[in-house]
Every structure is written in structure tokens, then in C-alpha cells.
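Asks: Take a look at this one; I'll ask things after.
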């Protein structure tokens, strides 16, 4: 069975600092990987996804993530945090061949300090 | 483009009452998903449909919960009778067929409070 682990339920960084949100997955076959962002009182929005090809994926709002098969990781980064990045971030995985459904991590709440 | 539309946005009702949550997926999307989000359990998939047919309802917590999709543009999630532990935010999401690399598009959710 697939599972997703997000290390750190809360991450706090200063404005302008590097953002690093960690995601590790467990899957018997190579998966597709997603990062979603959830702002207060809203649904989840897709930030970026990895399917095939280049392992470094760029998304919206300056975020990017790198798929590392050997480490079963898909960490999310942003070089310089902005106050508007404060939100909850979810990593998710789906199998390449299988049901069209996602398994989500528990989420990481990102706080930006001025 | 209109996104996934959920109604109501907020619902407060007393224990034992029937609750009906509604969802309109994005036009042309043939997958529809219902999720529940709580602090304790995070985001849980309750049930999903493909072409209006329920495919996997293994996440539905108990018989008090039921979901229907009478047509491609409408789905309901019903709780009868409701209990305080059902209080949560319920999300609907939709996606297109094309493989499991297709992202899901979420509505803004229904915040349900059972007193």
C-alpha cells in the first residue's frame, strides 16, 4: 500500500529565507507525485506535479520540487519565502497504473515570520 | 472557467438531523471525489465516482453516510443521522480521465458543525 510522510507538521521560516518542506513516499511501483497548497477557508490548489521526465519540477509561486527515486523523496523548496506563502502544504502520491485516486500526507503548516 | 462548486459553505445543525452536502464538478470532468478533513485524521478520501458510478467507497465511515451522483454535473453526500463526531470540513474534487497523473481540482469545502 502507498503512504506519504511529511516530516514536520509545522515549519516556520523568516521572510526571505529558504523554504524546505519534506515529503517521503512508500510505493511498490514508481508513483506520480503532487504538491498541493491550502489557504485558510479554501480548498486545495495544485502547486506542481511530477509524472515523467525531468526530476526537477517547477510550479506556481516560485516553488519547485525534486523527485529522488533513490531516496523516495519529493521535497518542496522555494529560495525566498514571502508572507503570502503562509498556508498548509500537502504532498500526495498516485500510482502510474492503478486507480485514479491520491494518497495524501498529513500536511505541513508553513508560517512566515516578518 | 467555473471551478468545483460546493454548497452550503457552512452548515450548523443538531445531532440526529439529516445533512446533505452538494457538489457540482467542473464540466467535462468524469471523476468526482469526496474527502473529509479534520485536525485529528487529516484529509481522508470517503468515496469516488467515475462516470457517475461509485468506484471505491471503502473510506465511508459507516452506514450513516451515503453518496450519490445522479448525473455528470451533480453529487450529494448525505449523513443520516448526524453525530457531533461528523463535524469536519468536507471537500469535493473532480478530475478528467487520462491516467492517475491528472490533478484533482478541489472546491472550497463545506464546514459542518454538529451540535
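Chains as they are written, first to last, in the numbering used here: chain A, 1337 to 1450; chain B, 810 to 924. We treat Cβ as the ideally placed atom computed from N, Cα and C, and that holds for glycine. This one's a predicted model, so the numbers in the text were calculated from it and none came from an experiment.
1. Keeping to the same chain, check which residues put their C-beta closer than 8 Å to that of residue 883 of chain B; ignore five residues upstream and five downstream.
2. Could you tell me the boundaries of the beta strand (DSSP E) in which residue 1344 of chain A lies?
3. Do residue 912 of chain B and residue 904 of chain B come within 8 Å of each other at the CB atom, strictly closer than that value?
4. Pull up the distance between the alpha-carbon of residue 823 of chain B and that of residue 829 of chain B, whole angstroms please.
5. Consider the Cβ of residue 1395 of chain A: report whether some Cβ of chain B lies at a distance smaller than 8 Å.
6. Starting from residue 854 of chain B, find everything on chain A with Cβ-Cβ shorter than 9 Å and list it in chain order.
7. Could you pull the start and end residues of the beta strand (DSSP E) that residue 1355 of chain A belongs to?
8. Which residue marks the beginning of the beta strand (DSSP E) containing residue 1437 of chain A, and which one marks its end?
9. Judging by CA-CA distance, which residue of A/1401, A/1353, A/1381 is the nearest neighbour of residue 1450 of chain A?
10. Express the C-alpha separation of residue 1429 of chain A and residue 865 of chain B in angstroms, rounding to a whole number.
11. Compute the Euclidean distance between the alpha carbons of residue 1366 of chain A and residue 1402 of chain A, then round it to the nearest angstrom.
12. Pull up the CB-CB distance for residue 1384 of chain A and residue 1394 of chain A, whole angstroms please, since I reckon it's below 8 Å.
13. Leaving out five residues before and five after residue 1361 of chain A in sequence, what residues of the same chain have Cβ atoms less than 8 Å from its Cβ?
14. Is there a C-beta anywhere in chain A that falls below 8 Å from the one on residue 911 of chain B?
15. Are residue 919 of chain B and residue 898 of chain B closer than 8 Å when you measure CB to CB?
16. Run through DSSP, which three-state label would residue 856 of chain B get?
17. With a threshold of 6 Å on Cβ separation, who are the neighbours of residue 875 of chain B within its own chain once the five nearest residues in sequence on each side are excluded?
18. Just list the residues that DSSP pairs residue 1411 of chain A with in beta bridges.
19. Which whole-angstrom value is the C-beta distance of residue 1417 of chain A and residue 1396 of chain A, which I expect to be below 8 Å?
Replies: If we stick to the structure as given:
1. Counting from one through the second chain, the residue named residue 883 of chain B turns up at place 74. Around residue 883 of chain B: 831, 832, 833.
2. As a first step, residue 1344 of chain A must be located in the first chain, where it is residue number 8. Segment: none, residue 1344 of chain A is in no beta strand (DSSP E) and carries neither H nor E.
3. Within the second chain, numbered from 1, the residue matching residue 904 of chain B stands at position 95. Within the second chain, numbered from 1, the residue matching residue 912 of chain B stands at position 103. Result yes, Cβ atoms of residue 904 of chain B and residue 912 of chain B sit closer than 8 Å.
4. Locating residue 823 of chain B in the second chain gives position 14, counting from the first residue. Locating residue 829 of chain B in the second chain gives position 20, counting from the first residue. Rounded to whole angstroms, residue 823 of chain B and residue 829 of chain B show a C-alpha spacing of 13 Å.
5. By 1-based counting over the first chain, the position of residue 1395 of chain A is 59. Not one chain B Cβ lies under 8 Å of residue 1395 of chain A.
6. In the second chain, counting from the first residue as 1, residue 854 of chain B sits at position 45. Those are 1437, 1438, 1439, 1440, listed as they occur along chain A.
7. The residue you call residue 1355 of chain A lines up with position 19 of the first chain. Unbroken beta strand (DSSP E) run through residue 1355 of chain A: 1355 to 1362.
8. Locating residue 1437 of chain A in the first chain gives position 101, counting from the first residue. Counting along the chain, residue 1437 of chain A falls outside any beta strand (DSSP E), and DSSP gives it neither H nor E.
9. Position 114 of the first chain, counted from the start, is the residue given in the question as residue 1450 of chain A. That would be A/1353, whose Cα lies nearest to the Cα of residue 1450 of chain A.
10. If you number the second chain from 1, residue 865 of chain B lands on position 56. If you number the first chain from 1, residue 1429 of chain A lands on position 93. Rounded to the nearest angstrom, the two C-alpha atoms are 17 Å apart.
11. As a working mapping, residue 1366 of chain A is identified with position 30 in the first chain. As a working mapping, residue 1402 of chain A is identified with position 66 in the first chain. Taking the straight line from one Cα to the other gives about 14 Å.
12. Numbered from 1 along the first chain, position 48 holds the residue referred to as residue 1384 of chain A. Numbered from 1 along the first chain, position 58 holds the residue referred to as residue 1394 of chain A. Right, their Cβ atoms sit about 7 Å apart.
13. Here residue 1361 of chain A is taken as the residue at index 25 of the first chain, counted from 1. These residues qualify, in order along the chain: 1338, 1339, 1340, 1341, 1367, 1369, 1408, 1409, 1410, 1427, 1429.
14. Stepping through the second chain from its first residue, residue 911 of chain B is reached at position 102. For residue 911 of chain B, the answer is yes, since a Cβ of chain A falls inside 8 Å of its Cβ.
15. By 1-based counting over the second chain, the position of residue 919 of chain B is 110. By 1-based counting over the second chain, the position of residue 898 of chain B is 89. Against a cut-off of 8 Å, the Cβ pair of residue 898 of chain B and residue 919 of chain B comes out as a contact.
16. Taking the first residue of the second chain as 1, we reach residue 856 of chain B at position 47. Three-state result, residue 856 of chain B: strand.
17. Translated into the one-based positions of the second chain, residue 875 of chain B becomes position 66. Contacts found: 887.
18. Along the first chain, one-based indexing puts residue 1411 of chain A at 75. In the DSSP assignment, residue 1411 of chain A is bridged to A/1402.
19. As a first step, residue 1417 of chain A is located in the first chain; it is residue number 81 there, counting from the start. As a first step, residue 1396 of chain A is located in the first chain; it is residue number 60 there, counting from the start. Contact between residue 1417 of chain A and residue 1396 of chain A fails: their C-beta atoms lie close to 15 Å from each other, not under 8 Å.
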